[in-house]
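Notes to accompany the following structure.
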Amino acid sequence: MTRKGTGSSDEGHDVDTSPPVSDRVETTTCYMCACRCGIKVHLKDGRIRYIEGNRDHPVNRGVLCAKGAAGIMQHYAPARLTRPLKRVGERGACEFREIEWAEALATAEEWLGRIRASDPKRLAFFTGRDQSQALTGWWASQFGTPNYAAHGGFCSVNMAAAGVYTIGGSFWEFGEPDWEHTRYFMLFGCAEDHASNPLKIELGKLKQRGVKFVSINPVRTGYSAIADEWLGDARDATEWRDTHFRVRGPAVDGLRAAFLDNWIETDPELYDASIDRFPEQPVAGTSVVQCVRGASETGRSDVATLTRSLLNLARSRLRIATAYFVLDDELRASLIDAAERNVRIEILLPGPHADKRFVQLAAEGEYERLMEHGITIWNFQPTMLHAKVMTVDGALANVGSANLNPRSVTWDEEVNVVAIDHDLAQLLDAQFDDDLERSVRIEPGRWQRRAAWHRVAERAIAPVKRLF
Ligand code: SF4
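Residue numbers for the sequence shown, in my numbering: 268 to 735.
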């Protein structure tokens, strides 16, 4: 076998392990977010095959984020607008037809002409990001309207002015922190799409130097995930209870497969097995790990099989923490069967901070029947419980994006990781115990005495719960 690129040879076969990915490379700018990284776009037979960061570009210096790489998807999305659309139905009815550019421009000319002939000041003209503000003003003054504005006046220039007046400096397009001498870095409310790659590059260096990094942000961003001051431990209602995992080793290939499964649905050409490569994933530990993905297009996913198998295989204990708990007949029967086999079942669900009350009502409609079979149910009190963790017999852990509801296990695109790993299961069980300390157990006697309106609401939601 001859491996081109490595020089090693074997009789009989020719395998080119480094085939050229393209026959042309164009240098341009990524517009997938406001960061504007430099990119090199590889084309083969005139079609985009691959996007890489441009190492010579001052903004990103070769770094490309996942969104940037997904630029191919945007380019070839079937939903991409390629021609002007004209509304043909009532406003709001979403009825349009494609028209030619000549017709679109003639329509604009006719409308603008009418305004200009009567009173040009009736036109308010605004241009969005990356348009020349000078041209905006020039065009508006030629038209005869003083009512014009551009992106800078709404966003970036204000941001820069606020920075100068408050902390004495600005950021992003208008300036940079003193990365080199920074000893303590505080990031207030930064959107992920502004200065994204440059910020991440420098944050990486700060972390390597041991600089303390604090992220203060009303939304959950990746920046907070690497902060030294982590304020997300479900201490109050603003901090959701979640569990995050890092997966290493061959199981990563399973996660990639799940990603590719979706990626290829967008356009089969987006993955070319003759070109696209993923790095090897050496074995990283001793856990036996399987990655299981849901697939909405088949209508019956492997996640459904996994969930039912685990419920049926449990011998001594099942612990389930899930954000959304809605049972179909099969899931309910599996849980009750397990309880009748003397499996101790504890279910931890969101309490007063459930983010979807109607889903919670669907869950509550099941409490009575489950508790009759000795299943214990707990409601987490401090905040929304969003973790999806199941442990089986203290030896197996099932974690991922799937909740215990028909939607998750059957229809949605989900991916779970199952690990036969005693230590991991013990760790998750210990966390489960901690969570129970902050939860209220549903007492069967008290639950039976719940208000009549509550029962009515549970019954009202039942006919549609299969949609949750
Ligand atoms: S941060 Fe990512 S999406 Fe934004 S411009 Fe750069 S590569 Fe594109």
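Glycine residues also receive a C-beta, built at the ideal position from the N, C-alpha and C atoms.
Check whether residue i and residue j have beta carbons under 9 Å apart
| i | j | result |
| --- | --- | --- |
| Ile642 | Ala606 | yes |
| Leu585 | Arg611 | yes |
| Ser437 | Met453 | no |
| Leu671 | Leu734 | no |
| Ala664 | Ala686 | yes |
| Thr394 | Leu402 | yes |
| Leu352 | Ile366 | yes |
| Leu615 | Asp702 | yes |
| Val556 | Val676 | no |
| Leu594 | Pro711 | no |
| Gly661 | Ser583 | yes |
| Glu725 | Gly618 | no |
| Leu390 | Arg383 | yes |
| Pro649 | Arg705 | yes |
| Glu407 | Tyr415 | Looking at the sequence itself, residue 407 is Ala, so the reference to Glu does not match. Yes, these two residues count as a Cβ contact at 9 Å. |
| Val666 | Phe526 | no |
| Phe480 | Ala462 | no |
| Ala337 | Arg396 | no |
| Val478 | Thr449 | yes |
| Ile709 | Ala629 | no |
Buried/exposed call for residue i, threshold 16 Cβ in 10 Å
| i | result |
| --- | --- |
| Cys212 | Residue coverage of the chain in this structure runs from 268 to 735, which leaves residue 212 outside it and unanswerable. |
| His309 | buried |
| Ser275 | Here the model assigns Ser275 a pLDDT of 42, short of 50, so the residue's position is not dependable and the matter cannot be decided. |
| Lys732 | buried |
| Arg560 | buried |
| Gln475 | exposed |
| His324 | buried |
| Pro286 | exposed |
| Lys388 | exposed |
| Glu357 | exposed |
| Thr574 | buried |
| Phe699 | buried |
| Ser482 | buried |
Ligand 2 heavy atom lying under 8 Å from the CB of residue i
| i | result |
| --- | --- |
| Ile306 | With respect to small molecules bound, the structure shown includes ligand 1 and not ligand 2. |
Near ligand 1: residue i beta-carbon under 8 Å from a heavy atom
| i | result |
| --- | --- |
| Ser576 | no |
| Asp323 | no |
| Leu454 | no |
| Thr328 | Before going on, a small fix: residue 328 reads as Arg here, not Thr. Not under cutoff, so the answer is no. |
| Tyr298 | yes |
| Arg389 | no |
| Ser463 | yes |
| Arg736 | Coverage of the chain is limited to positions 268 through 735, which leaves residue 736 absent and any answer about it impossible. |
| Leu470 | no |
| Gly338 | yes |
| Gly356 | no |
| Gly435 | no |
| Cys457 | no |
| Gly320 | yes |
| Cys332 | yes |
| Gly489 | no |
| Gly335 | yes |
| Asp460 | yes |
### Task
Indicate whether the contact test is met: 3 or more Cβ pairs, each with one atom in the stretch 595 to 604 and one in the stretch 573 to 585, closer than 8 Å.
The stretch 595 to 604 vs the stretch 573 to 585: in contact.
### Query
Are there three or more Cβ pairs, one per stretch, closer than 8 Å when the stretch 482 to 492 is compared with the stretch 325 to 335?
Contact between the stretch 482 to 492 and the stretch 325 to 335 is not established, with fewer than three Cβ pairs separated by less than 8 Å.
### Query
Would you call the stretch 655 to 664 and the stretch 587 to 595 in contact, with 3 or more CB pairs under 8 Å?
Result yes; three or more Cβ-Cβ pairs closer than 8 Å.
### Query
Three or more beta-carbon pairs under 8 Å between the stretch 279 to 294 and the stretch 500 to 520, yes or no?
Per the Cβ contact rule, the stretch 279 to 294 is not in contact with the stretch 500 to 520 (fewer than 3 Cβ pairs under 8 Å).
### At least three beta-carbon pairs within less than 8 Å, the stretch 469 to 476 to the stretch 441 to 456
Yes: the two stretches touch, three or more of their Cβ pairs being nearer than 8 Å.
### Message
Within 8 Å, do at least three Cβ pairs link the stretch 709 to 727 to the stretch 673 to 686?
### Response
At 8 Å Cβ cutoff, the stretches do not touch.
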